[in-house]
């Protein structure tokens, strides 16, 4: 029969290893926590990088839509403008023929109004629409002023290859990824050429630009920034996003943007459908004018 004293002595060899295991486990947990613990600046840097990438993707989306709106606007004017002009002329002829038959002063007023709509006095925006962009004259305007052949865009949306190349280049060479003023200037100059090539749908030139960028200098690794600079960077990114959001809203709510939203998958087909409708309206008006003049 053992006594309480002998029980305590006998239990010591078993308790000591158990305590050491507990201590070792605590040490491992603390080391693991230290390894996974990071500075607040590191989390902020990750947030800035994520915000930069998100902004670049947003800018790419806005720019591709802007090109589609611009191309749609030009093709709409070039392809459908003559039909609209013919409809206006027929409306004026019908109103004039009706006034000639009836002699009614109100019919004469309507005829005068219809004739005035055929060649309205252009406003300032109409005079310069399609002639200038942010960098100066559009290529079409330069061609007309220098007696060169005008080369309008062949389609509303550049080819899938051109769109893919543009997105890749915009992500790699975006000026917002620059680490200093010199690198930003290089990227600004390069991305302006990328935008111009994409606006023309020039996949061949975009391929050349991709090769040029691949052969260029590798930007330096991002250095840790003070938290104040990182917060300022986040603030600038937020302001830039707000500006782009306003630009995107203006594009989407405009007449051309609204039409593009009607056919997001094939905007070029929409032009053909509108042209068919206008041709049918022209035929109806011509038949109406013939009936009036024949009677």
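Numbering (this note's numbering), first residue to last: 102 to 396.
Just so you know, even glycine gets a beta-carbon here, dropped at the ideal spot from N, CA and C.
Since this is a predicted model, take the numbers as computed values, not measurements.
Exercise. Under 9 Å between C-beta atoms, does residue 368 make it to chain E?
Worked result: Chain labels in this structure do not include chain E; a single protein chain is all it has.
Exercise. Is it buried or exposed for residue 266, if we count other Cβ within 10 angstroms and need 16 for buried?
Worked result: The residue is buried, with at least 16 neighbouring Cβ atoms inside 10 Å.
Problem set entry | At least 3 beta-carbon pairs within less than 8 Å: the segment 142-157 vs the segment 350-364 | A contact between stretches requires three or more CB pairs, one per stretch, nearer than 8 Å, and the segment 142-157 fails this requirement with the segment 350-364.
For this session: Indicate whether residue 304 and residue 263 have their beta-carbon atoms separated by less than 9 Å.
Result: Cβ atoms of residue 304 and residue 263: closer than 9 Å.
Exercise. Are the Cβ atoms of residue 160 and residue 275 separated by less than 9 Å?
Worked result: Contact flag set, yes.
For this session: Can you give me the Cβ contacts of residue 224 inside the same chain, cut-off strictly under 6 Å, excluding the 5 residues immediately before and after it?
Result: Residue placement at residue 224 cannot be trusted, given a pLDDT of 48 that sits under 50; what the coordinates show is reported in the next sentence. Result list for residue 224: empty, nothing under 6 Å.
Exercise. Rounded to the nearest angstrom, how far is the Cβ of residue 209 from that of residue 200, given a contact under 8 Å?
Worked result: With 8 Å as the limit, residue 209 and residue 200 qualify as a contact, their Cβ atoms being about 4 Å apart.
Problem set entry | Residues near residue 255 by beta carbon distance below 8 Å, same chain, minus five either side | Cβ within range, chain order: 302.
For this session: Could you check what DSSP says for residue 358 in three-state terms: helix, strand or coil?
Result: In the three-state reduction of the DSSP assignment, residue 358 falls in the helix class, which pools H, G and I.
Exercise. For residue 279, which residues of its own chain have a beta-carbon under 6 Å away from its beta-carbon, when the five flanking residues on both sides are left out?
Worked result: Excluding the 5 residues flanking it on each side, residue 279 has same chain C-beta neighbours closer than 6 Å at 285 and 288, in chain order.
Exercise. Measuring CB to CB, does residue 186 end up less than 9 Å from residue 196?
Worked result: Taking the C-beta atoms as reference points, residue 196 is found no nearer than 9 Å to residue 186.
Exercise. Which runs of the alpha helix (DSSP H) spanning at least 4 residues fall entirely within the segment 167-227, listed in chain order?
Worked result: You should have 182-203 and 206-219.
Exercise. Under three-state DSSP, which class holds residue 255?
Worked result: Three-state DSSP puts residue 255 in coil, outside helix and strand.
Problem set entry | From 143, 126 and 217, residue whose alpha carbon lies closest to that of residue 332 | Here the closest residue by C-alpha is 143.
Problem set entry | Span separating the alpha-carbon of residue 184 from that of residue 163 | A direct Cα-to-Cα measurement between residue 184 and residue 163 gives close to 31 Å.
For this session: Report buried or exposed for residue 355, applying the criterion of at least 16 other Cβ atoms within 10 angstroms of its Cβ.
Result: For residue 355, the number of other beta carbons within 10 angstroms of its own is below 16, and it is reported as exposed.
For this session: Could you pull the start and end residues of the alpha helix (DSSP H) that residue 305 belongs to?
Result: Unbroken alpha helix (DSSP H) run through residue 305: 304-316.
Exercise. Assuming residue 335 and residue 148 make a contact with CB atoms under 8 Å, what is their CB distance in whole Å?
Worked result: In this structure residue 335 touches residue 148 by the C-beta definition: roughly 7 Å separates them, less than 8 Å.
Exercise. Roughly how many angstroms separate the alpha carbons of residue 292 and residue 158, rounded to a whole number?
Worked result: Looking at the two C-alpha atoms, the distance is approximately 14 Å.
Exercise. From what residue to what residue does the alpha helix (DSSP H) around residue 294 run?
Worked result: Note, residue 294: alpha helix (DSSP H), 282-300.
Exercise. Apart from the five residues on each side of it in sequence, which residues of its chain come closer than 6 Å, Cβ to Cβ, to residue 360?
Worked result: Taken in chain order, the list of residues that qualify is empty.
Exercise. At what residues does the alpha helix (DSSP H) containing residue 395 begin and finish?
Worked result: Judged by DSSP secondary structure, residue 395 falls within the alpha helix (DSSP H) whose first and last residues are 368-395.
For this session: Out of 298, 218, 204 and 178, state which residue places its alpha-carbon closest to the alpha-carbon of residue 376.
Result: Of the listed residues, the one whose Cα sits closest to residue 376 is 178.
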